[in-house]
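Using the working numbering, the first residue of the sequence shown is number 0, and each one after it goes up by one. Here the structure comes first, spelled out in structure tokens, and everything after it is commentary.
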Amino acid sequence: MDTKIELTNLSKEELNTEITKIGEKSFRAKQLWQWIYYRGETDFNRMSNLSLNLRKTLSEKYKITRPKIITEQISIDKTHKWLLEFEDGERVEMVYIPEKDRGAVCISTQVGCAMGCRFCHTGSQKFTRNLTTSEIVGQFMVARDAYQEWPSPTDEVRYLSNIVVMGMGEPLNNLENVVKALNIITDSEGISISRRRITMSTSGIAPRIVEALQRTGVRLAVSLHAPNNTIRSRIMPINDKFKIEELLKACAEYQQGDHSRYITFEYLLLKGINDSIENAQELIHLMKKYKLRALFNLIPFNPWPGCSFETSERKTVEAFSQELEKAGFAAPIRVARGQDILAACGQLKSKMPKG
0 MDTKIELTNL
10 SKEELNTEIT
20 KIGEKSFRAK
30 QLWQWIYYRG
40 ETDFNRMSNL
50 SLNLRKTLSE
60 KYKITRPKII
70 TEQISIDKTH
80 KWLLEFEDGE
90 RVEMVYIPEK
100 DRGAVCISTQ
110 VGCAMGCRFC
120 HTGSQKFTRN
130 LTTSEIVGQF
140 MVARDAYQEW
150 PSPTDEVRYL
160 SNIVVMGMGE
170 PLNNLENVVK
180 ALNIITDSEG
190 ISISRRRITM
200 STSGIAPRIV
210 EALQRTGVRL
220 AVSLHAPNNT
230 IRSRIMPIND
240 KFKIEELLKA
250 CAEYQQGDHS
260 RYITFEYLLL
270 KGINDSIENA
280 QELIHLMKKY
290 KLRALFNLIP
300 FNPWPGCSFE
310 TSERKTVEAF
320 SQELEKAGFA
330 APIRVARGQD
340 ILAACGQLKS
350 KMPKG
């Protein structure tokens with residue numbers, strides 16, 4: 000059994016403690032941090048400004064690993080999907096969605112998901128466990144390896160410019176590890192992704208929203224998907240625990256702390272269920288009632304094998320968008336990316352059915 004300590008599981012402070020514990024000065028921890036997160040190095044022997052003795056000690060006691068790549072797929076639209084495996088054999092999917100001069104990496108926080116949203120492929124895979132800090136950070140580092148973005152580039156030239164914590168799992172149900180991972184990813188002496196370029200999505204764990212955003216400083220996206228409790232409970236079981244009213248109160252409280260922040264409401268349109276003009280008007284009423292500065296990300300449903308929902312017609316989606324925009328809310332229609340490799344929103348799943 001491997002007893003070596005995984006360094007990418009440690010915060011900056013914890014790394015400093017480890018290094019002083021083995022008799023080294025704390026500036027060595029800073030050098031090591033930069034090798035791991037600024038240069039992307041995994042081999043202690045290549046860390047040329049560390050002494051030979053220190054490199055030997057590090058090799059004996061510690062390790063720097065990446066999730067193992069099981070498969071890679073690249074869509075006709077250049078969306079890139081990885082199936083990644085961890086030391087215990089559990090797997091998650093990660094996606095990179097490129098734009099012309101930038102792009103977003105969609106990372107996972109859990110193996111499977113306990114939320115059970117009826118329209119989501121991941122939700123049909125039962126929850127197995129939370130990801131560790133190193134497994135969350137490691138996903139982004141795999142993407143960095145693939146696109147050769149080491150050393151960490153400046154904001155002007157980086158293609159892996161944004162992170163969306165919207166992959167498999169509910170981030171707020173793995174909050175400690177997610178907070179720690181995001182603090183590593185945003186640290187200015189390493190990977191150095193700006194907090195304003197990170198968006199964390201939740202299915203609606205209302206009591207944790209304010210704490211999560213206070214501790215990370217990243218942007219908030221809420222998977223709303225319905226304008227009332229009746230429809231939302233039908234498609235999202237979490238709504239039986241945290242009703243829309245409680246969720247939107249938490250969103251309003253989050254915005255009170257920073258008046259410049261907008262909340263993105265993810266809204267997946269399902270044919271004949273939540274896509275009528277009346278539904279759009281209900282949404283407008285909710286936003287005004289809770290005085291929310293909101294923008295809507297309208298997502299046409301992405302089919303997956305075994306799901307009974309249907310995609311709304313294009314003219315229905317456009318009419319829905321226009322109704323929201325008439326009321327002063329930005330409501331762009333998301334262009335589905337990576338559908339041909341099941342990499343689009345709601346299509347991620349890392350376990351194949353048995354038999």
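Think of the CB as a built atom: it goes at the ideal place given N, C-alpha and C, for glycine as much as any other residue. On a predicted model such as this, the values are computed, not experimentally measured, just so you know.
In terms of CA proximity to Ala279, Phe328 leads the group Gly189, Pro152, Phe139, Phe328. For Trp81, the enclosing beta strand (DSSP E) stretches over residues 79 to 84.
When the alpha-carbon of Arg101 is set against those of Lys248, Gln321, Arg157, the nearest one is in Arg157.
When DSSP states are grouped into helix, strand and coil, Leu212 belongs to the helix group.
Looking at the DSSP output, Asn227 sits in no beta bridge, so it has no partner there. About 56 angstroms separates the CB atoms of Phe26 and Leu269; that is not less than 8 angstroms, and the two are not in contact. By the criterion of a C-beta distance shorter than 6 angstroms, Pro226 is surrounded in its chain by Asn278, Glu281, Leu282, once the five residues flanking it on both sides are discounted.
DSSP, reduced to helix, strand and coil, places Lys20 within a helical segment of the structure shown. Per the C-alpha coordinates, the member of Leu130, Ile208, Arg196 positioned closest to Lys179 is Leu130. Scanning Ala330, Leu291, Ala142, Asn48 for the CA closest to the CA of Ala318 turns up Ala330. With a beta-carbon spacing of about 5 angstroms, Glu89 and Val110 fall inside the 8 angstroms limit used to define contacts.
For Glu245, the three-state secondary structure derived from DSSP is helix.
Distances from the alpha-carbon of Ala145 to those of Trp81, Asn173, Arg260 put Trp81 closest. In this structure, His224 is the residue among His224, Ala251, Asp257 with its C-alpha nearest to the C-alpha of Asn273. Within the segment 265 to 306, the runs of alpha helix (DSSP H) at least 4 residues long that lie entirely inside it are, in chain order, 276 to 288. Rounded to the nearest whole angstrom, the CA to CA distance from Glu148 to Thr229 is 46 angstroms. The segment 109 to 188 contains, as complete beta strand (DSSP E) runs of 3+ residues, the segments 161 to 164 (chain order). Annotation for Tyr253: Ile208, Val209, Leu212, Leu219, Arg260, Ile262 place their beta carbon closer than 8 angstroms to its own, counting only its chain and skipping 5 residues before and after.
Counting along the chain, Arg90 sits inside the beta strand (DSSP E) bounded by residues 90 to 97. Judged by beta-carbon spacing, Ser160 lies within the 8 angstroms limit of Arg196, meaning their Cβ atoms are closer than that value.
Its chain contains Ala293 as the residues whose beta carbon lies nearer than 6 angstroms to that of Met286, once the 5 sequence neighbours on both sides are disregarded; these appear in chain order. For Val221, the beta-bridge partners assigned by DSSP are Thr201, Phe264. Membership of Glu40 in any alpha helix (DSSP H) is not indicated, and neither H nor E is assigned to it by DSSP. The beta-carbon distance between Ile68 and Thr7, rounded to whole angstroms, is 16 angstroms. This is too long to meet the 8 angstroms contact definition. Taking a cut-off of 8 angstroms on C-beta distances, the segment 23 to 38 touches the segment 48 to 65, as three or more cross pairs fall below it. A straight-line Cα-Cα distance of about 7 angstroms links Leu171 and Ile204. With at least 16 other beta carbons inside 10 angstroms of its own, Pro299 counts as buried. In the three-state scheme derived from DSSP, where H, G and I count as helix and E and B as strand, Ile75 is classed as coil. Listed as beta-bridge partners of Thr70 by DSSP are Leu82. With 16 or more other CB atoms across the displayed protein chains lying within 10 angstroms of its CB, Arg143 is buried.
According to the DSSP secondary-structure assignment, Lys62 is paired through a beta bridge with Glu5.
Exposed is the label assigned to Arg313, since fewer than 16 other Cβ atoms lie within 10 Å of its Cβ. Counting the other CB atoms within 10 Å of its CB gives Gly305 a total below 16, which places it among the exposed residues. In this structure, Cys105 and Gly166 form a Cβ contact; the two beta carbons are roughly 5 angstroms apart against a cut-off of 8 angstroms. In this structure, Val163 lies near Ala103, with their beta-carbon atoms less than 8 angstroms apart. Within the DSSP bridge table, the entry for Thr310 names Leu269 as partners.
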